[in-house]
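Asks: Questions regarding the structure given below will be posed in turn.
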């Protein structure tokens, strides 16, 4: 047995000596260094993609291995690549790791010669589960084993369609673990930036409901998935036992990201406003992104997504420059963001193609560029929102100024027409004193008043329509929630004023046959009337009480009934008392009538005035300003509806008006 062991060891040493003839052995001495083994590696390209370790490790096959010359740059080489690595250490007790820091390599097989002459097989790679790897790591790593002569022999087979440009390093265990910690910290910062930007933009989207933020959130998610896959961290921590997720998260997501980015760029830079050509080029990226996804999915062209990203990055940068030249200030941020991303992508592409060396900058500047691009675009979105808000505030101020001018013009017209009406009324009163045909004169006066109301209503329609148009345009343009709420309230008031003016026109034109009857919702009618009077100085002090009979069926002319209820409530508010004022509103029906009662605890009306308060321009008190038209319009509206009104009032106690309308 001892003799057989000696023979086997002798044959093994002879085999290894013959096998490694012509290849240098790299000495692993300095424990504090990361040893790059590129110069000590021999290379063989298997054009058949069928050779096994038994064939490749045979002594007669070793002459086919050629020195690498220190350059492991093979670009997008399709055949399998075999590497032969020999190292030697003066202290075989020291633990060394052999590492290929290229997570994107799809299949990596390590074959390490044991002391008994057999080969230990370890697997790694983009599509290999972490439970099947010797060491679960983002890169491809094995522990080196040394024979009795303190020498390690490793064959490495690299297969797949990924770019085969990488270094091969050997590092002592403690230094290896330290480098892992540093890499984890660096990528932790990178992914942390992406997560912060994700939640930052998500909060803005929830707050502002703008599609641009949602599109950018989608690009951040795609960026996260792509780099999680490309760096190996997704495979290690997120889907360690589902390596096919590397394919979906990495290569397929590239095309999807371009779709979101192209739409985002079009909207964010308002490209159509500045360049029709660039707009159509960016729009074309959407179907191209879908095509690239299909090409990658069917393995027709695995690099389709990468190629489209390279093309799109240049197009995005050019679009930003053109938009900035033509006056889009926000494009400055966009240009800066894509400049960093383009540099990182260019360095990575040139490295993968074998033009540049495999180092920190060619490997990681793409992550730095992506982090900067994500952050800068987020700031750009914030700057755009600031500019947008500033522009909307200016529009709002302009709209308010126009509205104020329109209101002032309206007030002047009302004063002018009121003075004309007062003069006409005084002249008419003088004629009445001299004329015995009072009945005919009253009828003529009413006709003149109808004509006056018709003219003044038409005079008011123009400014009111202008106010409605301005508030409608402002609501479409202004997105700021407080401003929109103010404009909506203003628009409601303008519409109500428009309805009242329309009611005045109806008052002068309608006869019994022309009444357009509709079902009245008394709850809404009363609430609208109260709301429309909130501009009165006394409004805030009033306590309103309502008692409306449920399921009340009543149909009549809305504009006339609105004028009646509005004037009753307005009078109660204007002539309210100083302490604990209230307005009680009750609506009920009996067999033939609907009754509306409005009561208050205001100043009250003396008996001598109660018979004249429905006359035009008559005012029973001077406690507050008024034209004396309100109750006159109320009475004319009530006459049109064949209704009745009664008064119960005492000075210092309050007033109660009761309206009865036939059903």
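Residue numbers (our numbering): 9 to 671. Each residue gets a CB set at the ideal place from its N, CA and C atoms; glycine is no exception.
(1) Just the C-alpha distance for residue 583 and residue 569, rounded to the nearest angstrom, thanks.
(2) If I follow the unbroken beta strand (DSSP E) through residue 578, where does it start and stop?
(3) Distance check for residue 638 and residue 644, CA to CA, integer angstroms please.
(4) Going by the DSSP bridge assignment, what does residue 160 pair with across the sheet?
(5) Does the stretch 302-311 come close enough to the stretch 336-356 to have 3 or more Cβ pairs within less than 8 Å?
(6) Counting along the chain, where does the alpha helix (DSSP H) carrying residue 239 start and finish?
(7) I'd like the list of long-range same chain contacts for residue 35, defined as Cβ closer than 7 Å, with 5 residues on each side in sequence excluded.
(8) Between the Cα of residue 86 and the Cα atoms of 65, 171, 47, which residue gives the shortest distance?
(9) In the DSSP assignment, find the unbroken alpha helix (DSSP H) run with residue 145 in it and report its ends.
(10) With a cut-off of 9 Å, does the C-beta of residue 669 fall near any C-beta of chain D?
(11) How big is the Cα-Cα spacing for residue 677 and residue 616?
(12) Within the continuous beta strand (DSSP E) that includes residue 668, where are the two ends?
(13) Among the candidates 552, 546, 545, whose CA atom is the shortest distance from the CA of residue 536?
(14) So, for residue 63: in the same chain, excluding its five sequence neighbours on each side, which residues have a beta-carbon less than 8 Å away from its beta-carbon?
(15) Excluding sequence positions up to five away, which residues of its chain have a Cβ less than 6 Å from the Cβ of residue 110?
(16) Leaving out five residues before and five after residue 652 in sequence, what residues of the same chain have Cβ atoms less than 6 Å from its Cβ?
(17) In the DSSP assignment, what residue or residues form a beta bridge with residue 89?
(18) Is it right to say residue 148 is buried, meaning 16 or more other beta carbons lie within 10 angstroms of its own, or is it exposed?
(19) Please list the terminal residues of the continuous beta strand (DSSP E) segment that includes residue 605.
(20) Taking only three categories from DSSP, how would you classify residue 347?
(21) With distance defined between alpha-carbon atoms, name the residue in 329, 299, 330 nearest to residue 315.
(22) Between residue 671 and residue 573, how many whole angstroms is the CB-CB distance? I'm expecting something under 8 Å.
(23) Out of 543, 42, 530, state which residue places its alpha-carbon closest to the alpha-carbon of residue 581.
(24) Do the stretch 408-421 and the stretch 233-246 touch if we need at least three Cβ pairs shorter than 8 Å?
(25) Relative to the C-alpha of residue 324, which candidate in 274, 128, 642, 73 has its C-alpha closest?
(26) Tell whether a beta-carbon distance below 9 Å holds between residue 287 and residue 321.
(27) Is residue 672 buried or exposed, if buried means 16 or more other CB atoms sit within 10 Å of its CB?
(28) Pull the bridge partners of residue 180 from the DSSP assignment, please.
(29) How many angstroms separate the CA atom of residue 162 from the CA atom of residue 259?
(30) Using only CA atoms, which one of 228, 395, 73 lies nearest to residue 385?
(31) What residue does the beta strand (DSSP E) around residue 724 start on, and which one ends it?
(32) Do you know how far the Cα of residue 366 is from the Cα of residue 326?
(33) Measuring alpha carbon to alpha carbon, tell me which of 244, 223, 215, 156 ends up nearest residue 188.
(34) Mind listing, in chain order, the continuous alpha helix (DSSP H) runs of no fewer than 4 residues lying wholly within the stretch 320-387?
(35) When we look at the beta-carbon of residue 292 and count the other beta-carbons within 10 Å, is it buried (16 or more) or exposed?
(36) Would you decide whether residue 29 is buried or exposed? Buried here means 16 or more other CB atoms lie within 10 Å of its CB.
Replies: Taking the geometry as given:
(1) Roughly 22 Å separates the two Cα atoms.
(2) No beta strand (DSSP E) holds residue 578; the alpha helix (DSSP H) holding it covers 566-582.
(3) One C-alpha to the other measures close to 10 Å.
(4) Residue 160 is bridged to 95.
(5) No, they do not touch.
(6) Where residue 239 is concerned, the enclosing alpha helix (DSSP H) stretches over 219-239.
(7) Result list for residue 35: 96, in chain order.
(8) For the residues 65, 171, 47, the minimum Cα distance to residue 86 belongs to 171.
(9) Per DSSP, residue 145 lies in no alpha helix (DSSP H) and is assigned neither H nor E.
(10) In the structure shown, chain D does not exist; there is a single protein chain.
(11) Absent from the model: residue 677. The displayed extent of the chain is 9 to 671, so no value can be given.
(12) Counting along the chain, the beta strand (DSSP E) containing residue 668 begins and ends at 662-670.
(13) Among 552, 546, 545, the Cα nearest to that of residue 536 belongs to 552.
(14) Closer than 8 Å at Cβ, skipping near neighbours: 69.
(15) Taking residue 110 as the centre and dropping the five residues before and after it, the same chain places the C-beta of 174 closer than 6 Å to its C-beta, in chain order.
(16) Annotation for residue 652: 668 place their beta carbon closer than 6 Å to its own, counting only its chain and skipping 5 residues before and after.
(17) Beta-bridge pairing links residue 89 to 53, 166.
(18) Label assigned to residue 148: buried.
(19) Membership of residue 605 in the beta strand (DSSP E) is indicated by the continuous run 601-608.
(20) In the structure shown, the three-state DSSP call for residue 347 is helix.
(21) Per the Cα distances, 299.
(22) The C-beta distance from residue 671 to residue 573 rounds to 17 Å, too long to meet the 8 Å contact threshold.
(23) Ranking 543, 42, 530 by Cα distance to residue 581 puts 543 first.
(24) The answer is no - the stretch 233-246 does not touch the stretch 408-421, with fewer than three Cβ pairs under 8 Å.
(25) Answer by Cα proximity: 274.
(26) No, they are not a contact pair.
(27) Not covered by the structure: residue 672. The range shown for the chain is 9 to 671.
(28) Paired residues: 104.
(29) Approximately 31 Å, taken between the alpha carbons.
(30) That would be 228, whose Cα lies nearest to the Cα of residue 385.
(31) This structure leaves residue 724 out entirely; the chain is present only between 9 and 671.
(32) So the alpha carbons of these two residues sit roughly 29 Å apart.
(33) For the residues 244, 223, 215, 156, the minimum Cα distance to residue 188 belongs to 244.
(34) 339-360, all fully within the stretch 320-387.
(35) Exposed: under 16 other Cβ atoms inside 10 Å.
(36) With a pLDDT of 41 at residue 29, under the threshold of 50, the modelled position of that residue is not reliable, and the figure given next carries that caveat. Burial call: exposed.
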